[in-house]
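Here the protein sequences come in this chain order: D and X.
Residues 4 to 300, numbered by my numbering, are exactly what the first sequence covers, in order.
Residues 4 to 300, numbered by my numbering, are exactly what the second sequence covers, in order.
Backbone N, C-alpha and C define an ideal beta-carbon position, used for all residues, glycine too.
Let me begin by presenting the structure, written as structure tokens, before commenting on it.
Number of protein chains: 2
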Amino acid sequence: MEPLDAYLRRQRQLVEEALDQLLPGTDCYPPVLMEAMRYSVFAGGKRLRPILLLAATEAVGGEVTAVLPAACALECIHTYSMIHDDLPAMDDDDYRRGKPTNHKVYGEAMAILAGDALLTHAFELLSGPPLSERFPATLLLQVAHRIARAAGSFGMIGGQVMDVLCEGQQVDTAVLEYIHRHKTAALIEAAVTAGGLLGGGTPQEVAALQHYGHCLGWAFQIVDDLLDVEGDAAQLGKAVGRDAAQGKVTYPALLGVEASRQRALSLMHEGVAALAAFGPRAERLRQLAAYVVSRQV
Amino acid sequence: MEPLDAYLRRQRQLVEEALDQLLPGTDCYPPVLMEAMRYSVFAGGKRLRPILLLAATEAVGGEVTAVLPAACALECIHTYSMIHDDLPAMDDDDYRRGKPTNHKVYGEAMAILAGDALLTHAFELLSGPPLSERFPATLLLQVAHRIARAAGSFGMIGGQVMDVLCEGQQVDTAVLEYIHRHKTAALIEAAVTAGGLLGGGTPQEVAALQHYGHCLGWAFQIVDDLLDVEGDAAQLGKAVGRDAAQGKVTYPALLGVEASRQRALSLMHEGVAALAAFGPRAERLRQLAAYVVSRQV
Chain D
4 MEPLDAYLRR
14 QRQLVEEALD
24 QLLPGTDCYP
34 PVLMEAMRYS
44 VFAGGKRLRP
54 ILLLAATEAV
64 GGEVTAVLPA
74 ACALECIHTY
84 SMIHDDLPAM
94 DDDDYRRGKP
104 TNHKVYGEAM
114 AILAGDALLT
124 HAFELLSGPP
134 LSERFPATLL
144 LQVAHRIARA
154 AGSFGMIGGQ
164 VMDVLCEGQQ
174 VDTAVLEYIH
184 RHKTAALIEA
194 AVTAGGLLGG
204 GTPQEVAALQ
214 HYGHCLGWAF
224 QIVDDLLDVE
234 GDAAQLGKAV
244 GRDAAQGKVT
254 YPALLGVEAS
264 RQRALSLMHE
274 GVAALAAFGP
284 RAERLRQLAA
294 YVVSRQV
Chain X
4 MEPLDAYLRR
14 QRQLVEEALD
24 QLLPGTDCYP
34 PVLMEAMRYS
44 VFAGGKRLRP
54 ILLLAATEAV
64 GGEVTAVLPA
74 ACALECIHTY
84 SMIHDDLPAM
94 DDDDYRRGKP
104 TNHKVYGEAM
114 AILAGDALLT
124 HAFELLSGPP
134 LSERFPATLL
144 LQVAHRIARA
154 AGSFGMIGGQ
164 VMDVLCEGQQ
174 VDTAVLEYIH
184 RHKTAALIEA
194 AVTAGGLLGG
204 GTPQEVAALQ
214 HYGHCLGWAF
224 QIVDDLLDVE
234 GDAAQLGKAV
244 GRDAAQGKVT
254 YPALLGVEAS
264 RQRALSLMHE
274 GVAALAAFGP
284 RAERLRQLAA
294 YVVSRQV
């Protein structure tokens, strides 16, 4: 089996080539909008959500290249959420992945609109060609609905709202867990589930993948909190210690560093356990789980 | 035939009852998000896009109550675009329809997120129950794709970007027309087209409705520009003369009031002419066209 880092590089390239093809080009009108959309999409990033989607498709024996546009839709949603999160009215961040944030380059109005356009583009991708030429409409509709639900007021946006509202507040574990499960885990869960559905997984397989995705997404956010405490700013490409400075609710602040690390590990194990029935086909998903909790970036 | 104003009142009520049912309730978590979404959705409004969608469904002999969730999806998209347009970084408006704008009540962060949530909710409505229990998935996917395209970078957002970029600039008629056709006409066209598709219209009927919708949407924006010059602030529920003060590109500024009025009228006639083959079934659409160009609000 190809080493994980080579696999990640290869998948990342696959996703980035597809994004380049599937996003409007800067030869389209109005070019500055397309440029602003592309600026943040191509500002680096691990491409975790698309790679998880592709790996879930592989795990159920589906064809990876066919589902690439759905993987790109997930990355569009993730990128829009980052652009809006970074706005002065929200987290007010100047840098992300070592580059100036969208509004620092294009201004606030364009950053809001580029985010809106990326969110809308995700649903254009999920409902149109090439996916609609390849997959049954019932399946695509189901995937679009799950992703919309995961990204909306009962998912990512709900979590983001509570994250903003709880800044500087004393909150308990229940609220912190609501934030993590919605702000981050919901979309990662949707990515893995979409990969399973489009890959032709059985309902049992899709349910197992969904459980794995939820655990992994949650662990991912705990590790994100830990990296803000312990990470290396140069490596991360953004300032560390921002969470504490902004009075953000985080796992390490509430439970301490060691207990947070244990929580992330136990979620990883729970996620991997959900994949037992898959046998060797889910090996990449297991490796990706270990990667998520051990990552330094 | 019931007089138009009674018809409009009745349809508006139908749409508002459906919106109330189909938007997350304030008993859902987090309540402040649901409240912010509902605040702008229920802050008045003509419900033009949903009413046009329903009238297009009627014109092709479809069932109005079945398509209501799609009509609500259009209103969600329209409302999100208003919330984001009103933000300080965009048009910086304090009032809309006589009420404080979303960010004046809930703050900028919540206004951005409530807009994002409404946009996402539109695609949740278009891809899930009750529509998915009633209509073939292929049809819903087609409708979702057309609406996404009309709302995105090649449609409404593209127009909005140029509107923002051209503030205080000298522009020619071609750019002004790009802005109007994209910022406003694209979504109105999509509403009418969606009504025709879901109502079971033939490809010819849908194409005719699309042409009508485009003309009507364009005329609507010209009238909007005219009302900003000549309208009554109290009646409109917002300040007038804002376009000129903000250096916005408008029809009256470029062509004069009289030529603008003529352009709106000629677009209305072109739109109505596209409906010739429908006979009496399209009478409401014809009345709605006349209403759009003669409105004072």
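Backbone secondary structure at residue i - three-state DSSP
i, result
"R99(X)", "strand"
"P72(D)", "helix"
"S156(X)", "coil"
"F223(D)", "helix"
"Q16(D)", "helix"
"L77(X)", "helix"
"D329(X)", "No information on residue 329(X) is available, as it lies outside the stretch 4 to 300 that chain X covers here."
"R50(X)", "coil"
"A293(D)", "helix"
"C31(X)", "coil"
"V243(D)", "coil"
"T104(D)", "coil"
"L11(D)", "helix"
"D94(X)", "coil"
"P6(D)", "coil"
"E66(X)", "coil"
"V252(D)", "coil"
"L278(D)", "coil"
"L26(X)", "coil"
"R298(D)", "coil"
"T205(D)", "coil"
"G216(X)", "helix"
"G198(X)", "helix"
Buried or exposed (CB count within 10 angstroms, at least 16 for buried), residue i
i, result
"C79(D)", "buried"
"Q358(X)", "In the structure as shown, chain X begins at 4 and stops at 300. Residue 358(X) is therefore absent and cannot be evaluated."
"M4(X)", "exposed"
"A248(D)", "exposed"
"A73(X)", "buried"
"G171(X)", "exposed"
"G50(X)", "The question names Gly, but residue 50(X) is Arg in the sequence shown. Counting Cβ neighbours within 10 Å, R50(X) comes out buried, since at least 16 surround it."
"P34(X)", "exposed"
"V300(X)", "exposed"
"E61(D)", "buried"
"E192(X)", "buried"
"S297(D)", "exposed"
"G250(X)", "exposed"
"T205(D)", "exposed"
"E233(D)", "exposed"
"C218(X)", "buried"
"T68(X)", "exposed"
"D227(D)", "buried"
"A177(X)", "exposed"
"P1(X)", "What is shown of chain X runs 4 to 300, which leaves residue 1(X) out entirely."
"G259(X)", "exposed"
* Taking a Cβ distance cut-off of 7 Å, strictly less, list which residues of the segment 134-146 of chain X are near chain D, in chain order. => So the list reads S135, A140, T141, L143 and L144, given in the order they occur along the chain.
* Below 9 Å between beta carbons is the criterion; list the residues of the segment 34-58 of chain X that meet it against any residue of chain D, in chain order. => V35, L36, M37, A39 and M40
* To do: Enumerate, from N- to C-terminal direction, the unbroken alpha helix (DSSP H) stretches of 4 or more residues contained entirely within the segment 108-196 of chain X.
  => 111-130, 134-137, 140-154, 159-168 and 176-183
* **Interfacial residues, the segment 233-252 of chain X to chain D, with Cβ spacing under 7 Å** => none
* For the segment 114-132 of chain X, enumerate the residues whose C-beta is nearer than 7 Å to any C-beta of chain D, in chain order. => I115, L116, D119, A120, L122, T123, H124, F126, E127, S130 and G131
* Just by C-beta distance, which residues in the segment 149-172 of chain X are closer than 8 Å to chain D? -> A151, R152, A154, G155, S156, F157, I160, G161, Q163, V164, M165, V167 and L168
* To do: Residues of the segment 193-218 of chain D with a CB closer than 9 Å to any CB of chain X: list them in chain order, please.
  => Within the segment 193-218 of chain D, contact with chain X at the beta-carbon level (separation under 9 Å) is assigned to no residue.
* What residues from the segment 72-91 of chain X come within 7 Å of chain D, judged by C-beta to C-beta, listed N to C? -> H87 and L90
* Asked: Between the segment 5-29 of chain D and chain X, which residues of the former have CB atoms less than 8 Å from a CB of the latter, in chain order?
  -> P27
* Going along the segment 283-298 of chain D in order, which residues come within less than 8 Å of chain X, judged by CB to CB distance? -> Within the segment 283-298 of chain D, no residue has a Cβ that lies closer than 8 Å to any Cβ of chain X.
* To do: Closer than 9 Å, Cβ to Cβ, to anything on chain D: give me those residues from the segment 101-114 of chain X, in chain order.
  => H106, G110, E111, A112, M113 and A114
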